[in-house]
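For reference, the structure discussed in these notes is given below.
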């Protein structure tokens, strides 16, 4: 089974021209060919994105030109094709314009195309460029839409197409067609996205979340990986593995079944340190330094160590690995290493 996916998240920077060489990496399946004609635009753009930070922007200037990206070798030969693309328009074309094509191998002919009408509606056309179906809901300018489709790439292949607002799972419009009049011609061997036929003054158009495969099922909304930046802290009943929560600046959270690991690294626990019923897991030679307090039922497991400042106490089931003090009224076990300063009203049981 072949599955190709691409978003623009591997962009070197906003405004960078998209090339075959920089189209892979964090963006997904690299393109086999790109075309940016004279005065045309084909670049990564951080001004707008369906998901993540970047999208693909294409347009042409006053000179007749093309602006597109294309998969060829990566496609192989697909007897049926499932596809997805996110699309945002800045203006409507002055004439019907094809913006996506599934081609035969070697670009010998088109199997299916999506054309943008002057009304803002999208139309599916077959190998003869005849209309298969047209969405009755036109695309609003400045809005991200998601289009998903299934095409049986043969003279009488079944097909369907669906229009969504962004990542919504409830469709704006669903069209399911029969095989009798499809005429998609044969296997798909290439795919083009953008202005792949030459014309001047074609308006800005953005793509994101491209996907193409022969698995026979719709892709659904894109779920890109999320990254967090800044000084993260562990809070609440966190163990960093199953039910843990990673709280970062901006209230971003990693929870549920997410996993957090810190093998062979030194991790600083800042601010209020670890509190509540927290469990800190450590592997390898991980060291955790507390710059403030450790309280509650805190436990360090595996081969890690806790470096505790002199004025900080680790009570209950904790283990002190450096000099520390015990608050009045508390009971702690004598640690294997380090010392415990007896408080005026504290009790230190004999081990």
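Numbering (this note's numbering), first residue to last: 48 to 398. Where is the CB? At the ideal position from N, CA and C, for every residue including glycine. Because the structure is a prediction, the values reported are computed rather than measured.
Is it right to say residue i is buried, meaning 16 or more other beta carbons lie within 10 angstroms of its own, or is it exposed?
i, result
"residue 125", "buried"
"residue 195", "buried"
"residue 223", "exposed"
"residue 98", "buried"
"residue 67", "exposed"
"residue 50", "exposed"
"residue 59", "exposed"
"residue 113", "buried"
"residue 342", "Because residue 342 sits at a pLDDT of 45, beneath the cut-off of 50, its placement in the model cannot be relied upon, and the following sentence gives the value as read from the coordinates. So residue 342 counts as buried."
"residue 102", "buried"
"residue 256", "buried"
"residue 128", "buried"
"residue 142", "exposed"
"residue 225", "exposed"
"residue 239", "buried"
"residue 73", "exposed"
"residue 291", "Legend: pLDDT at residue 291 = 38, less than 50; position of this residue unreliable, value from coordinates given subsequently. Per the 10 Å Cβ criterion, buried."
"residue 155", "exposed"
"residue 260", "buried"
Comparing the CB of residue i with every heavy atom of the ligand GTP, is any distance shorter than 7 Å?
i, result
"residue 80", "Summarising the ligand content, the structure contains no ligands, and the ligand GTP is consequently not present."
Please report the distance separating the alpha-carbon of residue i from that of residue j.
i, j, result
"residue 106", "residue 82", "11 Å"
"residue 243", "residue 119", "14 Å"
"residue 161", "residue 91", "22 Å"
"residue 253", "residue 247", "17 Å"
"residue 80", "residue 54", "16 Å"
"residue 266", "residue 63", "28 Å"
"residue 176", "residue 159", "8 Å"
"residue 111", "residue 87", "9 Å"
"residue 123", "residue 131", "18 Å"
"residue 75", "residue 174", "29 Å"
"residue 169", "residue 151", "22 Å"
"residue 180", "residue 206", "10 Å"
"residue 96", "residue 270", "13 Å"
"residue 264", "residue 208", "12 Å"
"residue 188", "residue 167", "8 Å"
"residue 148", "residue 198", "12 Å"
"residue 250", "residue 204", "33 Å"
"residue 214", "residue 190", "12 Å"
"residue 258", "residue 201", "20 Å"
"residue 140", "residue 146", "11 Å"
"residue 70", "residue 117", "11 Å"
"residue 230", "residue 94", "39 Å"
"residue 52", "residue 109", "32 Å"
"residue 268", "residue 133", "9 Å"
Looking at chain B, is there any beta carbon in it that lies within less than 8 Å of the beta carbon of residue i?
i, result
"residue 75", "The structure shown contains no chain B; it is built from a single protein chain."
Three-state secondary structure (DSSP) at residue i?
i, result
"residue 152", "helix"
"residue 245", "strand"
"residue 260", "strand"
"residue 70", "coil"
"residue 159", "strand"
"residue 78", "coil"
"residue 15", "With the chain covering only 48 through 398, there is no way to say anything about residue 15."
"residue 50", "strand"
"residue 128", "strand"
"residue 106", "strand"
"residue 93", "coil"
"residue 122", "coil"
"residue 254", "strand"
"residue 65", "coil"
"residue 231", "coil"
"residue 266", "coil"
Exercise. Between the stretch 169-184 and the stretch 205-220, are three or more C-beta pairs nearer than 8 Å?
Worked result: yes
What beta strand (DSSP E) runs, 3 residues minimum, are completely inside the stretch 181-229?
192-199, 206-212, 220-224
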